[in-house]
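Taken in order, the sequence shown gives residues 28 to 762; the numbers are from our numbering.
Virtual Cβ for every residue (Gly too), placed ideally from N, Cα, C.
This report concerns only the one structure given below.
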Amino acid sequence: MNRIFKPFSLLALVMSFVFCFAGCGETTSAVFDESSFRFKVQGEELESEVMAENGEFSLYWDAERAAVMLLENGRPIIGSIPADEYMNPQLSDRILKNLASSVIIEYIDNDTKNLEKLDSYSECLENGRILGEKTEKGFRISYCFDKVNIIIPVDYELHNGYIEASVATKSIKENKTKLYSVSLMTGLVSCKNSAENYIFLPDGSGALYSCSDTLSEQSYWIPMYGGDPSSPDLIKYRNTAAARLPVFGVKNDDKAICAIITGGNECSRINAVTSAGSGYSNAYATFVLRGSTEVSISGVWGRAVVVPTYSDEMTVNQTLSVRYYPLSGEKSAYMQMADCYRNYLISKYGLEKTDSDKQLYLNLTMAATLKKFYFGIPAEKVTALTTCKQTQNILEDVGDIKTAVRLDGIQKGGIEIGKFAGNFKLEQLAAKQNELDTLLKYAKEKNVAVYPNFDIVRFRKGVSGYKMAVYSASTSKSLQYFYNIAKGAEDPSSYIYYLINPLLHITAAQRVVATVQENGFEGVSFGTLSNICYGDYRQRSTYVARGFANRVNSILKDAGKNLSVMGEAANDYAAVMCDDIISSPTSTSRYNGESRVIPLYQLVFKGYVPLSGEAVNLSNRPARELLYNASLGIGSLYSVTNDDTTAFNLSFFSQLSGGSYWQQNNEIKSAVADNTDAFKAAQNESIEDYVFLADDITKTTFSNGKAIIANFTSEDYIYGDTVVKSGGYIVTKRG
C-alpha cells in the first residue's frame with residue numbers, strides 16, 4: 028500500500044473539511060424559526076488542537092479557520108487545490124458550495140414531494156449549527172440543517188494509509204421533513220481542470236473522464252451495482268453498464284486519490300462533475316436512505332403523470348463509510364487505484380492468488396421454451412437444445428484446451444424465467460441421469476470444470492410465488508420486465524416477472540447445493556445472484572438493499588466449502604468468493620465525456636480469480652473482444668448450443684443468439700489458438716502495470732515480468748525492433 032499523503036493532499040482534504048466550517052458567501056436558505064422544533068445535539072465549539080496521531084501524521088482541528096487539517100511532521104499537507112488558491116479570499120461562492128461542503132443532503136419536500144438539496148457550507152454555517160466532539164481515533168462533527176430539522180453526525184478518523192468518513196444511520200435525526208440521501212466529502216476527490224487530469228469512475232469495466240478546461244461541463248450519476256431493480260425505471264432509453272466495484276478516484280498532476288466505499292455499498296451511488304465552470308472537477312459518494320419508485324397515474328385529459336413515491340421509514344441501523352487513500356508513485360494513477368482496491372479486498376475477504384486460469388469458457392444453453400402454433404393457437408413447449416451427451420461431444424471436439432463450462436437452462440423449464448429455481452430440479456429433457464453421469468466422469472478425467480447454473484433471484488409462475496415477490500416503495504409488487512430501448516419503455520411483447528424476497532436466498536441456495544451434489548456435480552453457478560442487488564419494502568431490514576452484499580458473500584462462501592462456484596459479471600462481494608467468473612465487464616456505458624476505457628475489473632482480479640471477457644460471438648466487435656482478452660491474459664467466452672437456435676429468434680435471452688457450436692467450432696478453436704501465446708505468458712499471473720503506449724496501443728505487465736503489447740488500431744505499430752500488427756499482439760519480457 029502506498030504511504031499516506033506523500034507529499035499529497037490537504038486542500039482536497041482541507042476543502043472538503045474546511046470551508047463547511049469557515050462561512051463566507053451568500054445563502055438563499057430561509058432564516059430558522061426559533062419557535063419551531065430544534066434537536067439538541069451533543070458537542071461544542073472545539074478549540075484548535077491535534078485530534079489524532081499515528082507517527083509522523085496528525086489530524087488537526089484549526090478553530091480559527093474552522094478547518095480539519097492533516098499534518099506531516101507538524102506541517103499542513105496541501106492537496107488537490109493549491110495552497111495559494113485555498114488562502115485566496117476571492118474564491119467564488121460556486122466553488123465553495125460544490126467543493127467545500129463536507130455534507131450535502133437531499134430531502135423530500137413536504138408539499139411537492141420532490142427532492143431538494145441543501146449543502147453544509149450554505150446552510151449549517153449561516154442558518155444552522157456545527158458542533159464537534161473528540162472520539163477514540165479522531166472526532167465527530169454534527170451538521171445541523173436546522174431549516175429542515177435534520178442532523179447528520181459524521182465521524183472523521185485517521186488510520187494508517189487512509190482517512191475515513193462515516194455516518195451511523197441510527198445517529199441521524201429528522202423530524203417532519205424526511206431525509207432521502209447523504210453525500211460525503213464532495214471536494215476531497217477533486218482536481219483543477221486540466222488536460223492532464225482525469226476522474227476515474229467504475230462504469231462497466233472502468234472509464235476515465237477528462238477534466239480538460241477546453242471541454243464542456245459533464246455530470247455523471249452512477250448507481251452502485253446497477254441500481255435497485257425493486258424500483259424499476261418506467262422509461263429507459265439506453266443500455267448501461269453496471270458499476271461492479273465501489274471505487275473511484277482522481278488524478279491531479281503527479282498525485283492521485285482513491286476512494287473506496289466500505290459501508291452502505293448497496294445503497295450508494297457515485298456523482299461526478301468534470302470540466303466544471305467552477306474551474307474544478309470532483310467526484311463523491313452519495314448514500315440513499317429511503318426507497319423510491321415512480322407511479323404512473325392518469326392526469327388531466329387522460330395524460331399519464333409520473334409521481335415519485337418514497338418509503339415512510341429510512342433503512343435501519345448501518346454505517347455508511349468511505350475511505351480515502353492519497354497515492355503517489357511511478358505507476359499510472361488508475362493502476363495505483365487498482366492496486367489499492369485489490370489490497371483492500373485481500374485485507375477484507377482474504378482474496379488469494381489462483382492457479383486455475385482457463386483459456387476457454389463455454390456457456391451452453393441446455394433447454395429453452397419454443398413457441399409453436401397448433402391450428403393457429405399459440406403454445407409453449409420446453410425443448411432440449413443441448414443434452415449432456417451432446418455437451419460431452421462438444422468437449423471432445425474442444426480437445427486439450429483448458430476449459431470451463433456453464434450449463435445454462437439446465438434447471439427445470441430451461442432458460443426462460445418460470446417457476447422459482449426450476450423447483451430445484453434438473454430439466455430431464457437435457458440432463459438424463461445416465462448421460463449426466465458419463466459427462467461428469469469425462470469432465471473430471473479431462474480436468475474440465477462444469478457448472479450448472481441456477482437462477483434463485485427471478486420467478487414468474489406459481490401461486491405460492493406471489494407471496495414471495497419483492498415489494499417496491501409504493502407498497503405494491505415490484506414488477507420486472509424487458510425494455511424496448513428504441514421506444515424507451517416496457518417491451519409489450521415481453522412477459523412480467525418478479526424478484527424473490529432476498530431473505531429467502533439462503534434457504535434457496537442450500538436447496539440448490541443439495542440438488543447439485545445429489546446429481547454428482549462438483550461446481551455450481553449462481554449467475555443472477557452474483558450480479559444483482561436489491562431491496563424489499565415489506566421488511567425494513569432490507570430497505571435500499573441493506574445486508575444484500577453480506578448475505579450473498581456468506582451464501583457463496585458456504586457453497587464453496589464443498590463445491591466450486593461460478594459467478595457472472597459478479598459484484599465485488601460475490602467475485603471474491605468465486606472460483607471462476609464469466610462475462611467480466613469489458614465495455615462501458617459510453618457516456619459523453621468518456622476519454623478512455625480502463626480494464627479496472629481485470630486489473631483487480633486477474634491472477635486471483637479466473638476470468639473470461641464478455642461473450643465473443645455475441646459481441647458487435649468479436650475481433651476486438653478477442654484481442655482485449657489476449658491483452659489481459661484472460662479466457663475467451665462463447666455462448667452456444669448444440670442445435671441451431673433460429674427457431675428461438677423471438678426470445679429475450681441473448682444466449683440463444685449465439686447459435687450452434689458446430690456452425691462455428693473451427694472458428695472458436697482457431698481464435699483460442701491465436702490467443703495461446705498470451706494466455707501462457709499470463710497464466711495464473713496478476714497484472715503489475717497497465718499503460719497506453721499510444722491511443723489504442725496497450726502494454727500489460729504481469730507479475731512474472733512478461734508483458735503483452737496489443738494493437739487495437741488499424742495500422743501496424745513498431746515496438747522497439749518488433750512490428751505489432753494491426754489487431755494483433757506480441758509477448759515480451761521485462762525490459
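Notebook entry, point to check: What does residue 81 pair with, by DSSP beta-bridge criteria?
Noted result: 84
Item checked: Pair within 8 Å by beta-carbon distance, residue 576 and residue 560 -> yes
Next item on the list: Output yes or no for whether 8 Å exceeds the beta carbon distance between residue 530 and residue 555.
Entry: no
Next item on the list: Return the bridge partner residues of residue 636 from the DSSP annotation.
Entry: The partner list for residue 636 (beta bridge, DSSP) is empty, contrary to what the question assumes.
Note to self: If you follow the beta strand (DSSP E) that residue 645 is in, where does it begin and where does it stop?
What the structure shows: No beta strand (DSSP E) contains residue 645, which DSSP labels as neither H nor E.
Next item on the list: Could you pull out every unbroken beta strand (DSSP E) segment of at least 3 residues lying fully inside the region 412-495, listed in chain order?
Entry: 430-435 and 476-479
Notebook entry, point to check: Helix, strand or coil for residue 707 per DSSP?
Noted result: helix
Check: Would DSSP call residue 552 helix, strand or coil?
Finding: strand
Check: Which residue's Cα is closest to the Cα of residue 239: 335, 357, 292 and 302?
Finding: 302
Notebook entry, point to check: Which residue's Cα is closest to the Cα of residue 717: 376, 66, 219 and 363?
Noted result: 363
Checklist line | Pick from 354, 557 and 143 that is closest to residue 601, judged by C-alpha positions | finding: 557
Notebook entry, point to check: Ends of the alpha helix (DSSP H) at residue 542?
Noted result: 532-545
Note to self: Can you tell me whether residue 321 is helix, strand or coil according to DSSP?
What the structure shows: strand
Item checked: Nearest-angstrom Cβ-Cβ length linking residue 453 and residue 468, presumed shorter than 8 Å -> The Cβ separation is near 17 Å, so there is no contact.
Checklist line | Interface flag, residue 129 vs chain D, CB-CB below 8 Å | finding: Of the protein chains in the structure, only one exists, and it is not chain D.
Next item on the list: From the DSSP output, read off the bridge partner residues of residue 165.
Entry: 184
Next item on the list: Report the three-state DSSP secondary structure of residue 273 (helix, strand or coil).
Entry: coil
Check: Taking Cβ positions, are residue 208 and residue 315 nearer each other than 8 Å?
Finding: yes
Next item on the list: Going by CA-CA distance only, name the one from 654, 688 and 203 that's closest to residue 725.
Entry: 654
Margin query: Contact defined as beta carbons within less than 8 Å: I believe residue 758 pairs with residue 708. What is the distance between those atoms, to the nearest angstrom?
Written below: 5 Å
Note to self: Looking at residue 633: is its Cβ nearer than 8 Å to the Cβ of residue 713?
What the structure shows: yes
Notebook entry, point to check: For residue 648, does the count of other Cβ atoms within 10 angstroms reach 16, so buried, or fall short, so exposed?
Noted result: exposed
Note to self: According to DSSP, is residue 47 part of a helix, a strand, or is it coil?
What the structure shows: Below a pLDDT of 50, predicted positions are generally treated as unreliable, and residue 47, at 39, falls in that range; no measurement from the model is reported.
Margin query: So, for residue 51: in the same chain, excluding its five sequence neighbours on each side, which residues have a beta-carbon less than 6 Å away from its beta-carbon?
Written below: With a pLDDT of only 39 at residue 51, under the threshold of 50, the placement of this residue in the model should not be trusted; the figure read from the coordinates follows. Answer for residue 51: no residue qualifies.
Check: Roughly how many whole angstroms lie between the Cα atoms of residue 216 and residue 643?
Finding: 36 Å
Next item on the list: Compute the Euclidean distance between the alpha carbons of residue 356 and residue 311, then round it to the nearest angstrom.
Entry: 23 Å
Check: Could you give the residue range of the alpha helix (DSSP H) that holds residue 567?
Finding: Per DSSP, residue 567 belongs to no alpha helix (DSSP H) and is neither H nor E.
Note to self: Using 8 Å for Cβ pairs, my map puts residue 481 next to residue 409. What's the rounded Cβ distance?
What the structure shows: Actually they do not touch by this definition, with Cβ atoms about 16 Å apart.
Note to self: Quick check: what's the CA-CA separation for residue 580 versus residue 710?
What the structure shows: 26 Å
Next item on the list: Within 10 angstroms of the Cβ of residue 641, are there 16 or more other Cβ atoms? Answer buried if so, exposed if not.
Entry: buried
Margin query: Rounding to the nearest angstrom, what Cα-Cα distance links residue 32 and residue 542 in this structure?
Written below: Confidence at residue 32 is low in this model, with a pLDDT of 37, below 50, so its placement is unreliable and no value can be given for it.
Notebook entry, point to check: Are there 16 or more other CB atoms within 10 angstroms of the CB of residue 241, so buried, or fewer, so exposed?
Noted result: exposed
Next item on the list: Identify, in the order they occur along the chain, each residue of the same chain with its Cβ nearer than 7 Å to the Cβ of residue 645, setting aside the five sequence neighbours on each side.
Entry: 666, 681, 684 and 685
Margin query: Using C-beta distances below 6 Å, list every residue in its chain close to residue 341, excluding the 5 sequence neighbours before and after it, in chain order.
Written below: 316 and 317
Item checked: Beta-carbon contacts of residue 679 that lie in its chain and below 7 Å, excluding the five residues immediately before and after -> 509 and 521
Notebook entry, point to check: Are residue 660 and residue 706 close, meaning C-beta to C-beta below 8 Å?
Noted result: yes
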